[in-house]
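S.K.: So that we are looking at the same thing, I have put the structure below in structure tokens.
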């Protein structure tokens, strides 16, 4: 198996309607760091947090790919920073694909779609890092055990740098 096939995938979940510049800057920095760590990035392929993370990821210039799993059936609905656009036509059901695709999930801000992705990632047993300073569901669930299905908690990152450290550690220990 090639090293590319074994490269870890980080799912970034967050609000498509986010316009807060501080939150978008965090998402950009997160994407940049994921790219510099040599991981692939998967997201919903839309705007807001997803677009900022993909833009940062591409700015890193790394060997990984930014993958957008779209709720629509239209490939052109993805943001311009996505390398591979996967139109599903599934609407919000595509959240299950995003949550399942990542070896780990990072939540930035977020509304109901992000909440669904976090809950699904939890059910799939994916490690979840919540960027607490970003607000939304990420802040609400940071440090919490969602239910008794798993004994661990959603990891609370106080900064993007801390989130990236957590990802590097988690994915170094997790099989491909």
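In the working numbering, the protein residues as written are 16 to 191.
We treat Cβ as the ideally placed atom computed from N, Cα and C, and that holds for glycine.
Taking residue 82 and residue 55 to be in contact with their CB atoms under 8 Å, please state how far apart those CB atoms are, rounded to whole angstroms.
M.R.: On the chain shown, position 67 is the one that residue 82 refers to. On the chain shown, position 40 is the one that residue 55 refers to. Indeed, because the Cβ distance is near 6 Å, the residues count as touching under 8 Å.
S.K.: Could you pull out every residue in the same chain whose Cβ sits closer than 8 Å to the Cβ of residue 162, ignoring the five residues on either side in sequence?
M.R.: In the chain shown, residue 162 corresponds to position 147, counting from 1. Contacts found: 137.
S.K.: Anyone know if the C-beta pair for residue 42 and residue 97 falls short of 8 Å?
M.R.: Within the chain shown, numbered from 1, the residue matching residue 42 stands at position 27. Within the chain shown, numbered from 1, the residue matching residue 97 stands at position 82. No, the pair does not count as a contact, with Cβ atoms beyond the cut-off.
S.K.: On the criterion of 16 or more Cβ atoms from any shown chain inside 10 Å, does residue 89 qualify as buried, or is it exposed?
M.R.: Reading the chain shown from its first residue, position 74 is the one you call residue 89. With fewer than 16 Cβ atoms within 10 Å of its Cβ, residue 89 is classed as exposed.
S.K.: Could you please give the first and the last residue of the uninterrupted beta strand (DSSP E) stretch that includes residue 130?
M.R.: Position 115 of the chain shown, counted from the start, is the residue given in the question as residue 130. Note, residue 130: premise wrong, no beta strand (DSSP E); alpha helix (DSSP H) at 127–138.
S.K.: To the nearest angstrom, how far is it from the Cα of residue 20 to the Cα of residue 99?
M.R.: In the chain shown, counting from the first residue as 1, residue 20 sits at position 5. In the chain shown, counting from the first residue as 1, residue 99 sits at position 84. With a pLDDT of only 46 at residue 20, under 50, the local geometry of the prediction cannot be trusted, and the value read off the model is given with reservation. The straight-line gap from Cα to Cα measures roughly 15 Å.
S.K.: Taking the runs of the beta strand (DSSP E) that are 3 residues or longer, which of them lie wholly in the stretch 55–100?
M.R.: Runs found: 55–58, 81–85.
S.K.: Would you call the CB atoms of residue 29 and residue 50 closer than 8 Å?
M.R.: Counting from 1 along the chain shown, the entry for residue 29 is found at position 14. Counting from 1 along the chain shown, the entry for residue 50 is found at position 35. Result no, Cβ atoms of residue 29 and residue 50 do not sit closer than 8 Å.
S.K.: Spell out the partners DSSP gives residue 161 in its beta bridges.
M.R.: The count along the chain shown starts at 1 and reaches residue 161 at position 146. Its beta-bridge partners do not exist; DSSP assigns none.
S.K.: Evaluate residue 61 with the Cβ neighbour count: other Cβ atoms within 10 Å of its Cβ, from every protein chain shown; 16 or more gives buried, anything less gives exposed.
M.R.: Taking the chain shown and counting its residues from 1, one reaches residue 61 at position 46. Looking at its Cβ environment, which holds 16 or more other Cβ atoms inside 10 Å, residue 61 is buried.
S.K.: In angstroms, rounded to a whole number, what distance separates the CA positions of residue 188 and residue 143?
M.R.: Sequence index remark: in the chain shown, residue 188 carries index 173 (1-based). Sequence index remark: in the chain shown, residue 143 carries index 128 (1-based). Approximately 14 Å between the Cα atoms of the pair.
S.K.: If you draw a straight line from the C-alpha of residue 120 to the C-alpha of residue 157, how long is it?
M.R.: Here residue 120 refers to the residue found at position 105 when the chain shown is read from its first residue. Here residue 157 refers to the residue found at position 142 when the chain shown is read from its first residue. Each residue's alpha carbon lies about 13 Å from the other.
S.K.: Report yes if the CB atom of residue 145 is closer than 8 Å to the CB atom of residue 172, and no otherwise.
M.R.: As a working mapping, residue 145 is identified with position 130 in the chain shown. As a working mapping, residue 172 is identified with position 157 in the chain shown. Yes, the Cβ-Cβ distance between residue 145 and residue 172 is below 8 Å.
S.K.: In this structure, how does DSSP classify residue 33 when only helix, strand and coil are distinguished?
M.R.: Position 18 of the chain shown, counted from the first residue, corresponds to residue 33. Coil, per DSSP.
S.K.: Grab the span of the beta strand (DSSP E) containing residue 145 for me, first residue to last.
M.R.: Stepping through the chain shown from its first residue, residue 145 is reached at position 130. That run of the beta strand (DSSP E) goes 143–146.
S.K.: Specify the secondary structure class of residue 52 as computed by DSSP and reduced to three states.
M.R.: For the purposes of this step, residue 52 is taken as the residue at position 37 of the chain shown. The answer is coil: DSSP assigns residue 52 none of H, G, I, E or B.
S.K.: Between which two residues does the beta strand (DSSP E) harbouring residue 121 extend?
M.R.: By 1-based counting over the chain shown, the position of residue 121 is 106. Counting along the chain, the beta strand (DSSP E) containing residue 121 begins and ends at 119–123.
S.K.: Strictly by DSSP, which residues pair up with residue 171?
M.R.: Start at 1 with the first residue of the chain shown, and residue 171 comes out as number 156. Bridge partners of residue 171: 145.
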